[in-house]
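Notes follow once the structure below has been shown.
In structure tokens form, the structure reads like this:
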């Protein structure tokens, strides 16, 4: 709703529109079927059915069984329940956690918090493309290691991790494996069984579902300690009356993702390649961040020398292009993104980053508009930069 | 959507319809204004404004300042953050918590969980009307007491507690005072300043707002330790991308409650009295549970001898009346409600309970239908009961 119709929204990793078909299935749950799934009457029965159907749709997207899915209030909660829940339960076995250097803040800060409680955390570095080496993770395993957490793909630089190798290694050594699949789910196929995943977090909004809903896959037989307590909903792991309209919306979003992901991904990938070619081919001192091919179909991420990402975002916004300079979660701080530092960028390099995250509705015309706007913005900002000298 | 138009829904304490005016303000946030409040571009600015406006509306309902409100995923999370956050922060000062015997499961079970971590919990009994005695709470205070948690009113039996007296006593002794106001907010006026409240939980759905959203009032100067960690949203106390559509909906629900509560309450109170008079006046072996006058305007709660509440609910549902036999959170267990046990009922008495919780749309005709249906149901069930002898 910014500047009328002309806005090109390419900040979908920060927040996405809800698919109209999702909103449609949610609406009746605001109006009529208000039953609490715990209620004994007919509306309660209806609510239970809706909850069960949504659970099946989420499970189907990732190759899980419905009883292995619990609903949460979003990705951050899923990551907290998975990590806190697992290590509190396993602390008699050991106190060592391994994570990659490019995890989301909800993984990073949860592990920091757990360090204060006596857990040890090893952060395994990534290469310049943002890839973590599964062998390197294996090297860090000790007899105290109880949990490995590595994201499926990074929403900031698009790099897809070799989760299958990490999963196989973890399973062999009887170490729990948690995967933050928030950026990957609905963009690339995920199979929790083939990947040997024990715990997997997904978010509804990243699948064009409503905000404030997420899910956690918990492999049968894996026990967690709850983070919050109350009425014992969601197998005691997520107390609180179920957000039925949100959950139904997330179910529909997963159903649509399963059916349409392949086409949507192909289309976004084509646009992503045009963005990457257009920027790298025509703009001086521009660089891709993240892996060239092991990359989410919707993520085009760059850095530009001599200018600040924040200024790029503001100037682009004036031209009707909405983008981001990294994770929305760190946008408020002046610190450069830990992901960009992890791939070896210096602070001043990391500050010049631009993230264009596509949605399934973005068009060729929008890409053309971005490719026409971006050079104007970058040139103007460089002209103001004391560091930049025209060559 | 159950049995078409004829369903009379009186299970609003378990889950309420969302006001159409609330849904209306939420819809644009599904479609367009998808910005993340942390984003720098125009949509981000819009999202920040919406978040700020909603915070003001919530604050205004309870006499707080906007900076004293954080948004959560619902009542259970608000209660968890308040209690866990407070005692973890205060544990150097002491380890003693006092709660009333009629608290919600999210308070009861959180305190039980904290007992395992070394905290001591005193549960103060209530009288036969469900009233807690503030003097009795004062008697239990020790030099180790760091938190008192007492609900504003009970959603199961309607009894309104003397929070103002408890608040004054707690403030005088420098003990934090948490109030679960989920059942009371929007039904009766609340003023956190006059009541000397430090922490107050409210839920959106109980105000005819969407499910999956809640808020916690945290008095300026009161510090909490977060339960979940991540991107640091909501002053670091509730990480995770904000559920903007839900929050905007809750803001609108609070605004409507502030303007319309008085009229709505008067109307519901009249219907509640008709229900109470109709049941107690015309049905043998029926009793009111909860206080006769210190009672929420929307709660008519009873018990019937010789029959099971569960059977009443099922039979009423067949006649198009949806009600509850207690808290939805304990509906799944076979245990009788701890609230009914706390007011001195024997197990078999507690099992015969019926809760009719009204909404602002319930009508006189609906009350008439309930008063016509209930005797049929109760008589039929009693005829089947081996315990019952016609007198």
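Protein chains in written order, with the working numbering: chain B, 15 to 405; chain Y, 15 to 405.
Here a beta-carbon is modelled for each residue, glycine too, at the ideal position from N, C-alpha and C.
So residue i is in the beta strand (DSSP E); what residue range does that whole segment cover?
i, result
"residue 194/Y", "190-194"
"residue 250/Y", "It is not in any beta strand (DSSP E) - residue 250/Y carries neither H nor E in the DSSP assignment."
"residue 231/Y", "228-232"
"residue 160/B", "159-163"
Any idea what DSSP makes of residue i, helix, strand or coil?
i, result
"residue 241/Y", "coil"
"residue 66/B", "helix"
"residue 71/B", "helix"
"residue 25/B", "strand"
"residue 218/B", "coil"
"residue 86/Y", "strand"
"residue 110/B", "strand"
"residue 414/B", "Only positions 15 to 405 of chain B appear in this structure, which leaves residue 414/B out of reach."
"residue 372/Y", "coil"
"residue 267/B", "helix"
"residue 367/B", "strand"
"residue 174/Y", "strand"
"residue 78/Y", "coil"
"residue 211/Y", "coil"
"residue 202/Y", "strand"
"residue 184/Y", "helix"
"residue 115/Y", "coil"
"residue 402/B", "coil"
"residue 52/B", "coil"
"residue 279/B", "helix"
"residue 30/Y", "coil"
"residue 19/B", "In this prediction, residue 19/B has a pLDDT of 48, which is less than 50 and means its spatial position is unreliable; what the coordinates show is noted afterwards. Helix."
"residue 197/Y", "coil"
In angstroms, rounded to a whole number, what distance separates the CA positions of residue i and residue j?
i, j, result
"residue 354/B", "residue 306/B", "15 Å"
"residue 377/Y", "residue 217/Y", "24 Å"
"residue 224/B", "residue 43/B", "13 Å"
"residue 294/Y", "residue 136/Y", "35 Å"
"residue 315/B", "residue 270/Y", "44 Å"
"residue 60/Y", "residue 41/Y", "15 Å"
"residue 182/B", "residue 161/B", "14 Å"
"residue 66/B", "residue 80/B", "8 Å"
"residue 299/Y", "residue 70/Y", "48 Å"
"residue 288/Y", "residue 75/Y", "29 Å"
"residue 277/Y", "residue 126/B", "50 Å"
"residue 23/Y", "residue 123/Y", "29 Å"
"residue 164/Y", "residue 302/B", "56 Å"
"residue 83/B", "residue 199/B", "14 Å"
"residue 203/B", "residue 49/B", "34 Å"
Leaving out the 5 sequence neighbours to the left and right, which residues in its chain are closer than 7 Å to residue i when beta-carbon positions are compared?
i, result
"residue 325/Y", "395"
"residue 397/B", "none"
"residue 52/B", "58"
"residue 85/Y", "227, 229, 248, 252, 256, 261"
"residue 140/Y", "114, 115, 116, 146, 356, 357"
"residue 238/Y", "95, 99, 100, 103, 232, 251"
Where do the ends of the alpha helix (DSSP H) carrying residue i lie?
i, result
"residue 90/B", "89-104"
"residue 138/B", "Taken as a continuous stretch (DSSP letters only), residue 138/B belongs to no alpha helix (DSSP H), being part of the beta strand (DSSP E) at 134-138."
"residue 145/B", "Neither: residue 145/B is in no alpha helix (DSSP H) and is coded neither H nor E."
"residue 388/B", "378-398"
"residue 42/B", "34-45"
Might you give, ordered along the chain, the residues of its own chain that have their beta carbon closer than 6 Å to the beta carbon of residue i, omitting 5 neighbours on each side?
i, result
"residue 431/Y", "Any answer about residue 431/Y is impossible in this case: the structure gives chain Y only from 15 up to 405."
"residue 212/B", "190, 191, 233, 236"
"residue 220/B", "196"
"residue 259/B", "40, 43, 44"
When every heavy atom of the ligand FAD is checked, does at least one fall within less than 8 Å of the C-beta of residue i?
i, result
"residue 180/B", "Although the ligand FAD was asked about, the structure shown includes no ligands whatsoever."
By Cβ distance below 8 Å, which residues in the same chain neighbour residue i in space, the five residues on each side in sequence not counted?
i, result
"residue 128/B", "97, 98, 101, 111, 135"
"residue 109/B", "101, 132, 133, 134, 158, 160"
"residue 280/Y", "311"
"residue 208/Y", "77, 178"
"residue 20/Y", "334"
"residue 407/Y", "Since the first and last residues shown for chain Y are 15 and 405, residue 407/Y lies out of range."
Problem set entry | Inside the segment 290-343 of chain Y only - beta strand (DSSP E) runs reaching at least 3 residues | The qualifying runs are 300-302, 313-318.
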